[in-house]
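Protein chains in written order, with this note's numbering: chain A, 56 to 164; chain B, 25 to 142. Reviewing the structure listed below.
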């Protein structure tokens, strides 16, 4: 069956460093991959979408890569700030979207 | 900006009650979705709708039904609430129509309803 894996352990990063989150998937060949941010008690908020024929996408301090051979996406936040602390979800799908369970990111001041 | 509004942030109901969760979106989106989110299980799709009066089962539809009488409103109904339906419920909408939901457009979420069944 289709499976998405994100680091279940929280990620602690020092302020100013680059945070890198991983999303791996199996038994799937998605045409698109999305990343969302979720704050406690709130709904997820869309950040970036990358297509299978795009290797990399950037938006301000965010960068997403999509490697269809490795079946992996990396999500980078450069010059991280405490306000970036949240849970980050990857989502992929062709016909129906499937969400990963998310990785909690803590940016330490 | 797209606004997805869920009628209640917190709700407490008793087992056996019929529970209605309401969701309204203001951007004329064709697709609407209901998810539940539980610790360790992530977001799970309950039902979605790609048009008025149309609905499709998601991954965990048992014990739930939905109603979409108007394009902007999508209701989730717990026919006879049980304690295992205690959860955070999230509604979302997206722009592109498609029977599968379509993933090439972002989903816009409401802030959720935290439902407790006692």
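All C-beta atoms in this analysis are idealised placements derived from N, C-alpha and C, irrespective of residue type, glycine included.
- Segment limits, beta strand (DSSP E) that includes residue 131 (chain A): 127-132
- Query: Using a beta-carbon distance cut-off of less than 9 angstroms, what residues from the stretch 136-162 of chain A approach chain B?
  - Reply: 144, 146, 147, 148, 149, 150, 151, 152, 153, 154, 155, 156, 157
- Message: Restricting to Cα atoms, I'd like to know which of B:51, B:141, B:78 is closest to residue 113 (chain B).
- Response: For residue 113 (chain B), the closest alpha carbon among the candidates B:51, B:141, B:78 is that of B:141.
- Message: Can you find the residues in the same chain that come closer than 6 angstroms, C-beta to C-beta, to residue 50 (chain A), ignoring five residues on each side of it along the sequence?
- Response: Nothing about residue 50 (chain A) can be reported from this structure: the residues present for chain A run from 56 to 164 only.
- Could you check where the beta strand (DSSP E) with residue 161 (chain A) kicks off and where it finishes? Looking at the DSSP string, the run of the beta strand (DSSP E) that includes residue 161 (chain A) is 158-163.
- Task: Using a Cβ cut-off of 8 angstroms (strictly closer), state whether residue 128 (chain B) contacts chain A.
- Result: Output row for residue 128 (chain B): interface = yes.
- Task: Give the C-beta separation of residue 44 (chain B) and residue 99 (chain B) to the nearest angstrom, bearing in mind that I take them to be a contact with Cβ-Cβ under 8 angstroms.
- Result: 6 angstroms
- Measuring CA to CA, which of B:94, B:64, B:101 is closest to residue 54 (chain B)? B:94
- Message: Tell me whether the stretch 146-163 of chain A and the stretch 30-44 of chain B touch, counting them as touching only if at least three CB pairs, one residue from each stretch, are closer than 8 angstroms.
- Response: no
- Message: With a threshold of 6 angstroms on Cβ separation, who are the neighbours of residue 96 (chain B) within its own chain once the five nearest residues in sequence on each side are excluded?
- Response: 48, 49
- Are residue 104 (chain B) and residue 42 (chain B) touching if we call contact CB-CB under 8 angstroms? Yes, the pair counts as a contact, with Cβ atoms nearer than the cut-off.
- Query: Taking Cβ positions only, does residue 131 (chain B) come closer than 8 angstroms to chain A?
  - Reply: yes
- Query: On the premise that residue 92 (chain A) lies in contact with residue 102 (chain A), defined as a C-beta separation below 8 angstroms, what is that separation, rounded to the nearest angstrom?
  - Reply: 6 angstroms
- Enumerate in chain order the residues of its own chain whose CB-to-CB distance from residue 71 (chain A) is below 7 angstroms, with the five nearest sequence positions on each side excluded. 134, 135
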